[in-house]
Every structure is written in structure tokens, then in C-alpha cells.
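Asker:
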Amino acid sequence: MSSRESILSKIKASQPEQRALPGLTGLNLQVDSVFQKYREVLTSIGGTVVEVRSFDEIKAFIKSEYNTSLRLITTLPELADIAETGWLEADPHSLSDVELTIIRGVFGVAENGAIWLTENEMGQRVAPFICQNLAIIIQKENIVADLHLAYERIGNEENSFSTFLAGPSKTADIEQSLVLGAHGSRSLVVFVL
Amino acid sequence: MQHSEAADIFNKDVERTTWHDETLWWVRQKRDKVAFQIPEWELLRETASQIKNNVLSNLHDYLVSFEEQAIRNGVKVHWAADAAEHNQIVLSILRENNINSLSKSKSMLTEECHMNEFLSHNGIDVIDTDLGERIVQLRQEPPSHIVMPAIHLKKEDVSDTFHEHLNTEKGNNAPQYLTEVARHHLREKFLERKLALTGVNFAVAETGEFVVCTNEGNADMGAHLADVHIACMGFEKIIPKREHLGVFLRLLARSATGQPITTYSSHFRKPCEGQQMHIVIVDNGRSTQLGRKDFRNSLKCIRCAACMNTCPVYRRSGGHSYHNAVAGPIGSILAPNLDMTKFADLPFASTLCGSCSNVCPVKIDIHDQLYKWRQVLVQSGHAPTVKKLGMKAMNFTFSHPAAYQLGGSVGRKIMKALPFLVNNGMNPWFKNREMPEPPSESFRDWYKKNRKK
Amino acid sequence: MKVGLFIPCYIDQFYPQVGVATLELLEKLGCEVGFPLNQTCCGQPMANSGFEHLAGSCSQLFIDNFSEFDYIVSPSGSCTLHVKEHVGIHPKGGIYELTEFINDVLKIDKLDARFPHKVGLHQSCHGQRGLKLSQMSELNAPGFSKPEKLLRMVDGLDLVTLDRKDECCGFGGTFCVTEEAVSVRMGIDRVRDHVKNGTEVLTGGDTSCLMHLEGIIRREKLPLKVMHIAEILNFSN
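Chains as they are written, first to last, in our numbering: chain A, 1 to 193; chain B, 1001 to 1453; chain C, 2001 to 2237.
#1: Based on Cα-Cα distance, which residue from A:Ser64, A:Thr75, A:Lys12, A:Ala60 lies nearest to aspartate 1061 of chain B?
#2: How long is the line joining the alpha carbons of valine 1313 of chain B and serine 2124 of chain C, rounded to whole angstroms?
#3: Using a Cβ-Cβ cut-off of 7 Å (strictly less than) and excluding sequence neighbours within five positions of glycine 113 of chain A, which residues of its own chain qualify?
#4: Per the contact definition of three or more C-beta pairs closer than 8 Å, is the region 1156 to 1171 of chain B in contact with the region 1213 to 1230 of chain B?
#5: When the Cα atoms are used, what is the spatial distance from leucine 1251 of chain B to tyrosine 1264 of chain B?
#6: Got a sec, what are the start and stop residues for the beta strand (DSSP E) alanine 83 of chain A sits in?
#7: For a test of the three-state rule: what should DSSP assign to serine 185 of chain A, helix, strand or coil?
#8: Return the residue from the list B:Ala1325, B:Val1362, B:Ser1355 that minimises the CA-CA distance to leucine 1346 of chain B.
#9: Cα-Cα, which of B:Pro1361, B:Phe1430, B:Arg1444, B:Asn1218 is closest to valine 2177 of chain C?
#10: Does DSSP put aspartate 2189 of chain C in a helix, a strand or coil?
#11: Is the beta carbon of leucine 2098 of chain C sitting closer than 8 Å to the one on arginine 1444 of chain B?
#12: Taking only runs of the alpha helix (DSSP H) that begin and end inside the region 1254 to 1316 of chain B, which ones reach a length of at least 4 residues, in chain order?
#13: Taking 8 Å as the CB-CB limit, is alanine 166 of chain A close to chain B?
#14: Among A:Gln132, A:Glu57, A:Arg153, whose alpha-carbon lies nearest the alpha-carbon of serine 187 of chain A?
#15: Among the candidates C:Gly2094, C:Ser2134, C:Met2046, C:Met2153, whose CA atom is the shortest distance from the CA of phenylalanine 2115 of chain C?
#16: Anyone know if the C-beta pair for alanine 1083 of chain B and cysteine 1113 of chain B falls short of 8 Å?
#17: Under a CB-based cut-off of 8 Å, is tyrosine 1314 of chain B close to chain A?
#18: When the cut-off is 8 Å and only beta carbons count, does isoleucine 2216 of chain C lie next to chain B?
#19: So does the region 2221 to 2231 of chain C actually touch the region 1434 to 1451 of chain B, counting three or more Cβ pairs closer than 8 Å?
#20: Output the distance between the C-alpha atoms of threonine 2040 of chain C and cysteine 2169 of chain C, rounded to the nearest integer angstrom.
#21: If valine 984 of chain B and cysteine 1307 of chain B are in contact, beta carbons under 8 Å, what's the gap, nearest whole angstrom?
#22: Report buried or exposed for alanine 1035 of chain B, applying the criterion of at least 16 other Cβ atoms within 10 angstroms of its Cβ.
#23: Here's the rule: buried if 16 or more other CB atoms are within 10 angstroms of the residue's CB, otherwise exposed. What is serine 94 of chain A?
#24: Put valine 52 of chain A into one of helix, strand or coil per three-state DSSP.
#25: Anything in chain B within Cβ reach of glutamate 111 of chain A, meaning under 7 Å, just list it in chain order.
#26: I'd like to know whether the C-beta of asparagine 142 of chain A is nearer than 8 Å to at least one C-beta of chain B.
#27: Find the nearest neighbour of arginine 1433 of chain B within the set C:Asp2109, C:Arg2164, C:Cys2209, judged by alpha-carbon distance.
#28: Just to confirm, is the Cβ distance from valine 1094 of chain B to leucine 1186 of chain B under 8 Å?
#29: In chain order, what residues of the region 1432 to 1446 of chain B put their CB closer than 7 Å to some CB of chain A?
#30: Are there three or more Cβ pairs, one per stretch, closer than 8 Å when the region 140 to 159 of chain A is compared with the region 1238 to 1254 of chain B?
#31: In or out: tryptophan 1026 of chain B buried (at least 16 other Cβ within 10 Å) or exposed?
#32: Determine, using beta carbons only, whether histidine 2194 of chain C comes closer than 8 Å to chain B.
#33: Please name the residues in the region 2165 to 2179 of chain C whose beta-carbon is closer than 9 Å to at least one beta-carbon of chain B, in chain order.
#34: Could you tell me whether the region 1330 to 1348 of chain B touches the region 1366 to 1381 of chain B, using the rule of 3 or more Cβ pairs below 8 Å?
#35: Could you name the residues of the same chain whose beta carbon sits closer than 6 Å to that of glycine 2077 of chain C, not counting the 5 residues immediately before and after it, in chain order?
#36: For cysteine 2058 of chain C and glycine 2088 of chain C, I'd like the C-alpha separation in whole angstroms.
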């Protein structure tokens, strides 16, 4: 008998009697303003929310806040004049010198500051992780209160790879001292359009 | 070494014990703070607990469904009955691809299977990429905590280790500096390693996807830059549906570190074009535990470590004193299932205070299981003989009122019955505590004089 | 209302004044109290050490001693919990720890006691988390405390706020000797919390915890007095 069969048959013999799945009602977080909550939580975990009205404002912010002589990449044609767009098919290792990745996010989650990203928005899976800094653009109306609503929204979408990304990469493995920029991006700016 | 001996050594460094206790207590306080911001917190715990109860009762079907979906997604699924088979599977994937090094993101399962040692013996270079794990790996120590692997170390220790292995400035203890050096050191590894191994936090039966949570981004850096991704999971990581991730991801980081969610909660479903993705599903004693009625609930664990952070014994004895990959209260109810002789001491390394069960996000009755393991261990002959004799004498005294009442002067009889009250220098009680002073009469004597006329 | 007084073995032998205070307090509050003279121990020390199977004769003795009572009351959360969960006796009115009995059965709202001191309450784990005598700091749930409620009825008593209001003291039955180092360290940390926050009299509902803490206080020669909660609730001068 293969390990698969022996494990499964042992499990079948050992598992307890049927217990029903609970409903997921009554769990939702009551939030007055999802945007305010989102801003408050993201700030508390080391991210920055920047409210903008146009792509021009985004560009102006990027020009003033980042070193644009270094490599900037984006998936957005609107930003093609300040960031590279032709990297989607490149070897992911070649992105190791990226200073700033600018991508769209699908939606934000107010209770934890996370943004839902799928492979479509990322361009390449490694893009939001390997960069020194990360900027994500979301629409103000695309913020949900909590994770239950988030998964309702995701539904049965078939994404090969997707992630909830909440803030800059961090570690507290040395004496519980918080340090931003462990392996992933050192900073996260969320532009809210 | 037994827990009590190791704990005794740990406590010799009084200041460090204070620091260890206070640091982990601070994590517990952070957990309280964010948990209490969620009014429906207790309902969330109850819901998670019920979902996990449902998982235990449907494990067979959920695993079959998960496998089917994963295969459909283009993932190769392997089954390992025990640690040895798990390690062999990982080695054979390396061999098939002619790869002799890998980057690993945190996986307690591979610690449980002692995979690093096995792969090293077979000429494979394993680099742990979680900062805490890398620190302990360089020091050739096991992690002392499942979420904060290097919590037993001070920044001076890390600085010395990095100076020795990574050429950092001697005496520069700044966490910011040390982390920056590790970032550069490990980035090189991510870029060169062709195989990445990660753990699994949740595996969804409905979709075949699995979720890996990190704060550092090491799982993603490893997996997305490698040609081969191996994800290893104990079979209890299964959850029924994607929507249940909402419940568990709300609980996990809040319980673990007091964060609202980990920085990255990555959902892996299909390999990248040209990449291989493997999942190794491991039993290693879990099906035995599933069959133990009193202990199967331990398999609900989502490895948040809240029980460790709150445990007053863990905080004052350190993770290494538990001599098992998973330390603390949860480790003490998991370990005896693997080896009753080796881990007979662990269920006794607790005061049964019950704080662990109260913080557990999936409501495992941890302290009740500790009590039950004590009964099982004693009855299956894993109690020291001296203890056995003492207990029989104690029972005799307490079962026979005459023996209890005629044992000698006040105080003496109870001292005879309760070994920890024996009034002599050999008694560990007396090392750091005074004995109670026997009064002139017992309550019983007083009662006879003053109430029973 | 016939109340059977269960006095745990340590109290009988080392702290008779706790038994006396409990008895007098219950009588003062109008109960008819009996103390079966053949009682010994509930069997908890054995059961917690993994020898529950040996404790059967001990349990039988307990049942024989207490079968005639409507209520069983004891000034110990830990022993009460053991009797409730493991002995197998079910008196008509129930089994209660002292402060639980006064709160839930006698339902008093005032107490004739005066104790003008700064008092620090040690919550024993078995009383708190086992019998749920007060809300546990781990849970996101409304606060309450049966022992605190009674202490607040005592005239002149100033209740101290601790940094860690419900951390275990480290007694833990045989744990106190098998894990001596951790046990003592836990006790020292509890005592320090009381000293830091100005406790003059350390009290609690479990003599076993108090015996351990008192052992440390006396060894360290600290200016703290230890009294069982029954002694304070019964105190007047």
C-alpha cells in the first residue's frame, strides 16, 4: 500500500463523527468610514496613504519622493513616461535592481490595511516583493471593511497567484525591535484615487 | 535533558529570564490590544474552532479534494507517512532537478522532521531565510519559538554571531544594522537558489490553493525566484473553503504578534509558466493523534504561538527547555504523541493555569489535555518510580482518616503525605521558600473544642 | 440550608485560622454549617500528578463524608474545582468555593467587616479560570470578579491594582518541587508586582498559592502580610 493510501485509510478510521460547518454571520466589523479606518490601520503598520485626484499628482509625488535616476517599473501605461513598462516577460531575477514598483491593487481592506493583488496587477509575481520600494494605486470606492467581505468579493476567481499585502516588509526577530525592510520592500505608499 | 533541569539552568541567569518573560509578556499585551479592538473576537474564535472541528471530522474527503484540485492546478502532490519519507521526497526532488542547494522559508514541519540535518548529510546546502531562523541556523541551534525563532537571544548575541559569520562590525548591536546586513546576505541567496521550500499555513480543500504567511517576504522572494517550489504541510493544515481564510487570517497574526494581518498572505494556486510546484502532505504521527479522542483537538492548532507567549512557564524557561520542535503548552500536548518516553516530562512542565486555552484562537483545551496526558503517561508506565511510591503513600494517608489524623503532631502528617512539604534541607521547596510554621492545633482540633460539644 | 464545610488538608494542618474564619463567616451570614470530622483530602495532588486512577478511594471517602449536605463549600478554588470535576459527588445545592457561594447563593450586598489596609488580590488560576470566579484577562468579555466584589464591601479596604492581574503564582501542586526553579521565579514575580503597587496585605482564595507566596515573602523578608480572603471578610475591630 502506498503512503497515500495508508495515510488516508488511517485518517478515515480515526476521524471523529461528523461536525457541521458553522455559518459566517455576525462576524463583520462595523466601521464608520472604511477609508478613514484603512488610512489609520495602514499608517499603524508602517505604510503611507496618499490621496490623489489624478495620475499627474501621482507622478509629481513619485518625482519628489523617490530617486528617479534609479530603476522604476510599472504595469500602468499611464505612468510609462516615468517608469519602465517593458519588463513583463523579463527574467524575474533581472528585477533585482528595481528601486520602485508601481502597480494597481484590486481593493483594500480597512481592518488590516491589506491590499488584494493578483498576478494580473503584479505583472510578474516577484515584482511587488523584490523592489526596494512599492507603490500601489487603489480606487477610493474599492475598500472593504473586513476580510469576510474581502473573500466575498474575491468569490471563486481563479488566480494562479494572489496575495494580501499589508505594509512594508518587516521583522522583529532581533529582540522584538521592529525593523522595516526585511526581504521585501522597505516602504509602501498607497495612492488612493 | 528534562524540562525541569533545562529550566533550572535557564533561571540561573536572572536578568535574562526577566528580559525573556517581559518581552513575551509584551507580545501577549499586543495580542490583547488588537484582539480587543474586534468586538466579535470571541465569536470569531468559536467559529474558527467549529470550522476546525468540521475539518477533523472530514479530513479524508477534504484531503482527497485538495489533492484533486491541486493536481488540476498543475501541482505535483506527494504523501509522506513519516519524517523520513518527507525528507526523502524533498531530496529526490532536488536530485531529479540536479539541484544541490535550497532556500527555505519558515516551516516548523521541516524542524519536526529534522530535514536540515538530513539534507546536509546528503550534501545539500540549506539556507534558512527567515531572519530569526537564519540567526539560529548560524549558531547551530534549533528555533526556541515557532513564530519568533531567536527570541531567546539578545542583540549582542546576534551581533557576535553575525560578526563571526557575516563580517559585521564587532560590537555593532543595532537591530536596524544587523537586519540590513541579513537583507543583503539573503538577497544573494534568493537570487542564486533554484529551489525554494516553504511551509503552508492553510490549504484550501475546495480550490487546491495554499496560503503562506510571512512578514519578511521571504517565502515570496524564495518561491518566485526559484525554478522549483516545494511546499510542505502537515495534513491538518486543510480548511474546507476559501471563505474560511477570512476567519483564520483575522485570527492568526492578531493572536501571534498583535498585528492585524501578516505583511504577506500569499495564495499559491498554480505554478508559474516553466516552474514546478510540489506539495508534500505529511502524517508523521498525526493520524495516530487523530485517533486519540482526548488529544485529537491538538490538530486544530494554527501555530500562532499565543499559548507560548502567555504561558508563565514558557516565559521563564525558554523554548529550548522543551527539547522539541514545537515548545510551550501546545508542544507539550503534541510531543508525547510522537514519543511518550522522550517527552514524558512535558505535560508536567505546567501549572495547569489555563491561560493557554483562553488565548488559543481555535479554542484547543490545552490545559485539560496536559492534565489528561499526565494520566496517560503515568498509566502507561512513564512516571518515575519514586513519584509512584510517594503517590501510593499519599493516597493511603488520604484514604484512611485514622492514618491522616494519627500521623503525629500537627503539620507532620500532612508533611508526610504531601512530599513537597517534607521539612528538611533536601526538599526543593526549602531552597528558596520558607516552610509554613505548624500551628499549635489543627482546624479539626479547634472545631472539636469549639463546635462539637 | 445545610452546608458541609470542606477544609482542605493544608488549611487543616497549617492554617487553622482560615478554617475558623470561613466557618465563622458562614455562620455570621446565617448558614447551618457542619464539618465532617473524617474528611482528609479531595485527591487533587494525586490527580494532578497523573495518578487520578489511584484517587478513587480518596474520592469515595469524600463522598461518604459529604453526602448528607445540601451544599459543599470550601475556602479553596483549586480543591473545589477538583471536587466538582473529578470526585463525582452532586449535592442538591451544588459545590462552591467560598466567595462564589456568598455571591451566588447567599447573594449578599453588604458585609459587616472592616479592614483599613491596602490589599492586593491574588487570583488563583483554578478559582479564576477553572471556576470562573472572575473574568479572565485573555478574553474579550465584560469584566466581573466575585472575590473583588466582596472585598469592596469591606470598610476601609483599599484594593491594589496590579500590573498583571491574573498571572499564575507558580505553585501548581507538585510542580512547586518538580519544577522548583520556575515555580519560585513565578512566585517572586507575583510578589514583586504586589510590592511595586503598594500591597500591604496579600490575599487570595487559595491557601496553596498563598502558602507558596508566603514562603517566598518570608525567605526574602519582605514587609508583606499574607491572609486568606476569608480572614479579611471576617475581620472586624
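The beta-carbon is built from N, C-alpha and C at its ideal position, and this holds for glycine as well. Keep in mind the model is a prediction, meaning the values are calculated, not measured.
Answerer: The relevant details are as follows:
#1: A:Lys12
#2: 16 Å
#3: Tyr38, Val41, Leu42, Ile45, Gly47, Ala166, Gly167
#4: no
#5: 15 Å
#6: Counting along the chain, alanine 83 of chain A falls outside any beta strand (DSSP E), and DSSP gives it neither H nor E.
#7: coil
#8: B:Ala1325
#9: B:Phe1430
#10: helix
#11: no
#12: 1286 to 1291, 1306 to 1310, 1312 to 1315
#13: yes
#14: A:Gln132
#15: The option with the nearest alpha carbon to phenylalanine 2115 of chain C is C:Met2153.
#16: yes
#17: no
#18: yes
#19: no
#20: One Cα belongs to threonine 2040 of chain C, the other to cysteine 2169 of chain C, and the distance between them is close to 25 Å.
#21: Residue coverage of chain B in this structure runs from 1001 to 1453, which leaves residue 984 of chain B outside it and unanswerable.
#22: buried
#23: A residue is called buried when at least 16 other Cβ atoms come within 10 angstroms of its Cβ; serine 94 of chain A does not meet this threshold and is exposed.
#24: Coil at valine 52 of chain A, not helix or strand.
#25: Pro1260
#26: For asparagine 142 of chain A, the nearest beta carbon of chain B is not closer than 8 Å to its own beta carbon.
#27: C:Cys2209
#28: According to the sequence as given, residue 1094 of chain B is leucine; it is not valine. No.
#29: none
#30: yes
#31: exposed
#32: no
#33: Asp2166, Glu2167, Cys2168, Cys2169, Gly2170, Phe2171, Gly2172, Gly2173, Thr2174, Phe2175, Cys2176, Val2177, Thr2178, Glu2179
#34: yes
#35: Glu2097, Ser2124, His2126, Gly2127, Leu2131, Gly2205, Asp2206
#36: 11 Å
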